[in-house]
Amino acid sequence: MPIPATWSSRLLSVMRIVVALVFFSHGISKFFGLPPFPMPMNPLLTVAGALEVVGGGLLIIGLFTRPVAFVLSGMSAVAYFMAHMPKGPFPIANGGEAAVLYCFVFLYLAAAGGGVWSVDAQRGRG
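So the sequence shown is numbered by our numbering: it starts at 1041 and just counts up by one.
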C-alpha cells in the first residue's frame, strides 16, 4: 500500500530532521571528539565542522532551510571533489558515498523547503 500523498510534507520534515541530525554529528565529532574524529584538524576541517554544526542545527529546526541547504550542498560537493575524487572516480571505492548523498539531499531541500514541521513553515516561509 503506497504512502498517501497527504503525508509528503511531514515525511519531508522527517527526512530533513534525520539527515540534519546525522550531518550535525559530523561537526560534533570534529569539535568535541564524540565519537573521536579520525584525523588531525586543519583550517579546512574547522570550517567544515562549523558548517556542519551551525548548518545542521539550523536544518534540524527548519530555520532558513533553503539557503542553508544550498550552502551545505555546495560544501558537500567540495568535500567530495577535494577529499574523495582524488582517490578514484567511483564513490563506492573512494569513500565518498556520504558526501554525494548529502550533496543531493541538501540540493533537494534547497528546492523543496523544510516541510510542515519547520520554523520556516511556522513563519510562513516554508
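Don't be surprised by glycine CBs; every beta carbon is placed ideally from N, CA and C.
Quick caveat: nothing in here was measured; it's all calculated off a predicted structure.
Each residue's CA atom was taken as its position, placing M1125 and E1137 some 11 Å apart. Remark: C-beta atoms of G1089 and F1071 approach each other more closely than 9 Å. For F1072, the enclosing alpha helix (DSSP H) stretches over residues 1048-1072.
In the structure shown, I1100 adopts helical secondary structure according to DSSP, grouped into three states.
Three or more beta-carbon pairs separated by less than 8 Å link the stretch 1098-1115 to the stretch 1141-1150, which places the two stretches in contact. A1133 sits away from T1105, with the two beta carbons spaced by 9 Å or more. Looking at the backbone, the Cα of I1068 and that of S1158 are separated by about 22 Å. Counting every other CB atom within 10 Å of its CB across the protein chains shown gives G1135 a total below 16, marking it as exposed.
For the options P1078, A1119, P1080, R1165, the alpha carbon positioned closest to that of E1092 is the one of A1119.
Judged by DSSP in its simplified three-state form, R1163 adopts coil rather than helix or strand. When rounded, the separation of the alpha-carbon atoms in M1079 and I1101 is 30 Å.
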